[in-house]
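Asks: Here the sequence shown is numbered in the numbering used here, starting from 30 and rising by one per residue.
Positions of the beta carbon are idealized from the N, C-alpha and C atoms, including for glycine.
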Amino acid sequence: MPDERPNILYIMSDDHASHAMSCYGSKINETPNLDRIANDGMRFDNAFCTNSICTPSRAAILTGTYNHINEVTTLDTKMDNTLPTFVKDLQASGYQTGMFGKWHLGTGEKHEPTGFDDWAVLPGQGLYHNPTFVFNNDGNSERRTVKGYVTDIITDMSLDFLKARDADKPFFVMCHHKAPHRHWEPDEKHAHMYLNEDIPEPETLYDTYENRASAAEAAEMRMGVHMIPLDTKTEIPRDLPEMELRKWAYQRYIKDYLRVVASIDDNVGRLLDYLDEEGLTENTIVVYTSDQGFFLGDHGWYDKRFMYEESLRMPYIMRYPKKIKAGTVCDDMILNVDFAPTYLELAGLDIPEHYQGHSFTALLHGETPEDWQTSMYYRYWMHKAHHNVYAHYGIRTMRYKLIYYYADALDQLGAIDETYEPEWELFDLDNDPYELNNIVDDPAHAELVAELKAEMHQMQADLGDTRYHLDV
Ligand code: CA
Numbered sequence: 030m031p032d033e034r035p036n037i038l039y040i041m042s043d044d045h046a047s048h049a050m051s052c053y054g055s056k057i058n059e060t061p062n063l064d065r066i067a068n069d070g071m072r073f074d075n076a077f078c079t080n081s082i083c084t085p086s087r088a089a090i091l092t093g094t095y096n097h098i099n100e101v102t103t104l105d106t107k108m109d110n111t112l113p114t115f116v117k118d119l120q121a122s123g124y125q126t127g128m129f130g131k132w133h134l135g136t137g138e139k140h141e142p143t144g145f146d147d148w149a150v151l152p153g154q155g156l157y158h159n160p161t162f163v164f165n166n167d168g169n170s171e172r173r174t175v176k177g178y179v180t181d182i183i184t185d186m187s188l189d190f191l192k193a194r195d196a197d198k199p200f201f202v203m204c205h206h207k208a209p210h211r212h213w214e215p216d217e218k219h220a221h222m223y224l225n226e227d228i229p230e231p232e233t234l235y236d237t238y239e240n241r242a243s244a245a246e247a248a249e250m251r252m253g254v255h256m257i258p259l260d261t262k263t264e265i266p267r268d269l270p271e272m273e274l275r276k277w278a279y280q281r282y283i284k285d286y287l288r289v290v291a292s293i294d295d296n297v298g299r300l301l302d303y304l305d306e307e308g309l310t311e312n313t314i315v316v317y318t319s320d321q322g323f324f325l326g327d328h329g330w331y332d333k334r335f336m337y338e339e340s341l342r343m344p345y346i347m348r349y350p351k352k353i354k355a356g357t358v359c360d361d362m363i364l365n366v367d368f369a370p371t372y373l374e375l376a377g378l379d380i381p382e383h384y385q386g387h388s389f390t391a392l393l394h395g396e397t398p399e400d401w402q403t404s405m406y407y408r409y410w411m412h413k414a415h416h417n418v419y420a421h422y423g424i425r426t427m428r429y430k431l432i433y434y435y436a437d438a439l440d441q442l443g444a445i446d447e448t449y450e451p452e453w454e455l456f457d458l459d460n461d462p463y464e465l466n467n468i469v470d471d472p473a474h475a476e477l478v479a480e481l482k483a484e485m486h487q488m489q490a491d492l493g494d495t496r497y498h499l500d501v
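Here's what the structure looks like:
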């Protein structure tokens, strides 16, 4: 008897913010193939990561747990590949499983992918052009360079896996793009896009970081100022006044970013076409997401890490014609730790007790469970590393966001051991969607701050995380 359970094609890019997808109302580009997924499925407008950085988000997705539990708190903490993951459960239940592209949870015997019938991953960040891959070879991994452009190659590998599949068994494939990660290197096909036009600037490109905790001004990820020539592909005119430099660097940066995204979009189209041609569309769940959001010149920045909206928000679109009504939008909050239980439930499997995320299958039918989450807990651990972003944790509700910059490395691997005075921020997202006005010290909000702190501390206790010792 063939196994009729749904196939799952999980496509995840690296650092693709939802405001660079036309299905999310992008003002700067078109993504017609990603829009196919959203138009034929559901778009989630409040999908958030629990730690806005590559390696930790990937570990949260695979294990259904927060980073203080899976111990992948920073870019330097590789994931122990003996940890239980939802992919291992899918595989054990009869799914054919494949993983191709960016892994970024470590390589070598203790960290390379496990739970996959076949895999090929980029070591570390990988290269855009002629990348080297680590290939699974029956337990003996080997490195080989593959000629071509990384987004095409990862798609080819995913397609090859699908073509060689056993048609009587369902498949689960992770197609994990390196793009559009820094340094945003386009392929030839897309290199000439946007040549003679200016891309619209974000509202907060010229942010001066007033009315914020000092963490915002301290961050070293400003357009031009903290870039290197690899980012702009030309010498940086560092003698320009800062705001002029931001204006100049934004255009250099965003055009390459969008060119790299255009290649992802084309390649997603190839995968969707294959499903159509093979008659697989009806019984295949297609997900497109990214490991976190990204600043697209917002607040004058590139990169992520902050709990601010552009970095916290993940794009998440999902198509499943059997269960999801076409063209639907979900405003309920979902988190990266919720993916694992959701996919297990969709595959008809039990959700392990130790999972901290919650299955959102009910949301796919347009039903919001009465006790569905309306707040979330976030923690960025990698104090100061790379872009001088201070370690922080916080709570986001449907309207407010409270952030505590405890600004301490706490011996986390890769964090920089230099401690600062802790600071708080509170934003009212209804009245201040760009988070420009920290109102934590406004006496009118004292009661609200106390309530949010109490709720956050309760969440920390419930999730097994530890409060910073000065957070009283
Ligand atoms: Ca990333």
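#1: Here's the rule I'm using: 16 or more other beta-carbon atoms within 10 Å means buried, otherwise exposed. How should residue 267 be labelled?
#2: To which residues of the same chain is residue 130 closer than 7 Å at the C-beta, ignoring the five residues directly before and after it?
#3: Could you name the residues of the same chain whose beta carbon sits closer than 7 Å to that of residue 93, not counting the 5 residues immediately before and after it, in chain order?
#4: Alpha helix (DSSP H) containing residue 2: first to last residue?
#5: Indicate the three-state DSSP secondary structure (helix, strand or coil) for residue 273 in the structure shown.
#6: Verify whether the separation of the beta carbon atoms of residue 435 and residue 494 is less than 8 Å.
#7: Are the CB atoms of residue 188 and residue 299 nearer to each other than 8 Å?
#8: Could you round the C-beta distance between residue 60 and residue 294 to whole angstroms and report it? I think they count as a contact, below 8 Å.
#9: Given a threshold of 16 other Cβ atoms within 10 Å of its Cβ, counted over all protein chains shown, does residue 446 qualify as buried or as exposed?
#10: Residue ranges of each alpha helix (DSSP H) run of no fewer than 4 residues wholly in the segment 210-248, ordered along the chain?
#11: On the premise that residue 314 lies in contact with residue 392, defined as a C-beta separation below 8 Å, what is that separation, rounded to the nearest angstrom?
#12: Hey, would you say residue 363 sits closer than 8 Å to residue 71, going by beta carbons?
#13: If you measure from each residue's Cβ to the nearest non-hydrogen atom of ligand 1, which ones come out under 5 Å, in chain order?
#14: Could you tell me which residues DSSP pairs with residue 430 in its beta bridges?
#15: Please give me, in chain order, every unbroken run of the beta strand (DSSP E) with length at least 3 that falls completely inside the segment 66-118.
#16: The beta strand (DSSP E) spanning residue 254 covers which residue range?
#17: Tell me, to the nearest whole angstrom, how far the beta carbon of residue 336 is from that of residue 407; I am working on the premise that it is less than 8 Å.
#18: Give me whichever residues DSSP pairs with residue 404 in a beta bridge.
#19: What's the C-alpha gap between residue 464 and residue 457?
#20: Using 8 Å for Cβ pairs, my map puts residue 325 next to residue 286. What's the rounded Cβ distance?
#21: Which residue's Cα is closest to the Cα of residue 41: 483, 87 and 34?
#22: With distances taken between CB atoms, is the gap from residue 443 to residue 432 smaller than 8 Å?
#23: So residue 338 is in the alpha helix (DSSP H); what residue range does that whole segment cover?
#24: Short of 6 Å in beta carbon distance, which residues of its chain neighbour residue 51, apart from the five on each side in sequence? Order them along the chain.
#25: Alpha carbon to alpha carbon, what distance is there between residue 361 and residue 403?
#26: Alpha carbons only, please: which of 454, 462 and 487 is nearest the one belonging to residue 475?
#27: Using the beta-carbon count (16 or more within 10 Å), is residue 273 buried or exposed?
#28: Could you pull out every residue in the same chain whose Cβ sits closer than 8 Å to the Cβ of residue 211, ignoring the five residues on either side in sequence?
#29: Using 8 Å for Cβ pairs, my map puts residue 429 next to residue 481. What's the rounded Cβ distance?
#30: Judging by CA-CA distance, which residue of 174, 270, 91 and 437 is the nearest neighbour of residue 421?
#31: Write down every uninterrupted run of the alpha helix (DSSP H) in the segment 274-354 whose length is 4 residues or greater and which is fully enclosed by it, in chain order.
#32: Should residue 257 go down as buried or exposed, given a rule of 16 or more other Cβ atoms within 10 Å for buried?
#33: Residue 179: buried (16+ other C-beta within 10 angstroms of its C-beta) or exposed?
#34: Mind reading off the beta-carbon distance from residue 334 to residue 82? Whole number of angstroms is fine, and I expect it under 8 Å.
#35: Are the CB atoms of residue 355 and residue 36 nearer to each other than 8 Å?
#36: Helix or strand or just coil, what does DSSP make of residue 192?
Replies: Taking the coordinates as given:
#1: Burial state of residue 267 is exposed, judged by a 10 Å Cβ sphere holding fewer than 16 other Cβ atoms.
#2: 150, 151, 183, 204, 205, 206 and 207
#3: 115, 366, 369, 370, 384, 385 and 386
#4: Outside the shown range of the chain (30 to 501) lies residue 2, about which nothing can therefore be said.
#5: helix
#6: In this structure, residue 435 keeps its C-beta atom at 8 Å or more from the C-beta atom of residue 494.
#7: yes
#8: 5 Å
#9: Of the other Cβ atoms in all chains shown, fewer than 16 fall within 10 Å of the Cβ of residue 446; this residue is therefore exposed.
#10: 243-247
#11: Rounded, the Cβ-Cβ distance is 14 Å, inconsistent with contact.
#12: no
#13: Selection around ligand 1 by beta-carbon proximity, strictly under 5 Å to any non-hydrogen atom, yields 43, 44, 83 and 320 in chain order.
#14: 425 and 456
#15: 71-77
#16: Note, residue 254: premise wrong, no beta strand (DSSP E); not H, not E.
#17: Indeed, because the Cβ distance is near 5 Å, the residues count as touching under 8 Å.
#18: 426
#19: 8 Å
#20: The C-beta separation of residue 325 from residue 286 comes to about 7 Å, placing the pair in contact by the 8 Å criterion.
#21: 87
#22: no
#23: Residues 338-341.
#24: Excluding sequence positions up to five before and after residue 51, its CB lies within less than 6 Å of the CB of 59, 60 and 64, all in the same chain and listed in chain order.
#25: 8 Å
#26: 454
#27: exposed
#28: 44, 260, 331 and 332
#29: Confirmed, Cβ separation roughly 6 Å.
#30: 437
#31: List check, alpha helix (DSSP H) in window: 338-341.
#32: exposed
#33: buried
#34: Indeed, because the Cβ distance is near 6 Å, the residues count as touching under 8 Å.
#35: Going by beta carbons, residue 355 and residue 36 fall outside the 8 Å limit.
#36: Of the three classes helix, strand and coil, the one that applies to residue 192 here is helix, per DSSP.
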